[in-house]
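In the numbering used here, the protein residues as written are 87 to 282.
Glycine is no exception: its CB is placed at the ideal position from the N, C-alpha and C atoms.
Have a look at the structure below before the remarks.
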């Protein structure tokens, strides 16, 4: 099984997106991606599914200052049920959602939690000897250099923005951007023989 995780740049759509162009359809896959998800949800969703049946993992990390809060009920307009909890996706502090959680935690703590989620997920994959490749939706000064250094680049959001290949929302990569980007990054994925 090939494990896929991310936010709306990776979630299933009506058209093929980046991982659809990388993974051979004959392989079983599970896509854990969810719209508006942050790195806290992405990391937890992956770590809960790491088994011997996972042959490889493709990750598209989100913005470094998104807040996901697991709860026993839905509190946000965008939420994902997973692992017996409802993961409420509040986006960034600027979204104005989840004010009490933002106030309780503070901006710097949320960024720190995002970094920890990413690094602990990578560590868990390494510990299980599961090959993985990762990228980010867009470049940001909040991404630590050591994470950027090993990430697939350019980042899909920047690639689409620079080429004017955006959807009508002027944020998400369009169909052509997904195809061109996935073709361009194949050489950066050391386990293409496992997924192709």
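Inter-residue Cα distance where the pair is residue i and residue j
i: residue 185; j: residue 166; result: 19 Å
i: residue 136; j: residue 182; result: 34 Å
i: residue 93; j: residue 237; result: 16 Å
i: residue 90; j: residue 111; result: 14 Å
i: residue 101; j: residue 157; result: 32 Å
i: residue 269; j: residue 188; result: 39 Å
i: residue 193; j: residue 148; result: 16 Å
Proximal residues to residue i (C-beta, below 7 Å), its chain only, five neighbours per side dropped
i: residue 27; result: With the chain covering only 87 through 282, there is no way to say anything about residue 27.
i: residue 229; result: 150, 222
i: residue 129; result: 203, 204, 206, 207
Cβ shell of residue i (< 8 Å), same chain only, five flanking positions each side left out
i: residue 260; result: 246, 251, 252, 253
i: residue 241; result: 221, 222, 223, 224, 225
i: residue 197; result: 150, 151, 228
Residue nearest to residue i in terms of C-alpha spacing, selected from the options
i: residue 95; options: 267, 191, 198; result: 267
i: residue 215; options: 154, 275, 97, 142; result: 142
i: residue 179; options: 169, 233, 168, 154; result: 154
i: residue 231; options: 98, 212, 201; result: 201
i: residue 233; options: 146, 108, 138; result: 146
Same chain, Cβ closer than 6 Å to residue i, five either side skipped, listed in chain order
i: residue 123; result: 93, 175
i: residue 264; result: 103, 104
According to DSSP, residues forming a beta bridge with residue i
i: residue 156; result: 173
i: residue 222; result: 147
i: residue 168; result: 171
i: residue 89; result: 116, 143
i: residue 252; result: 259
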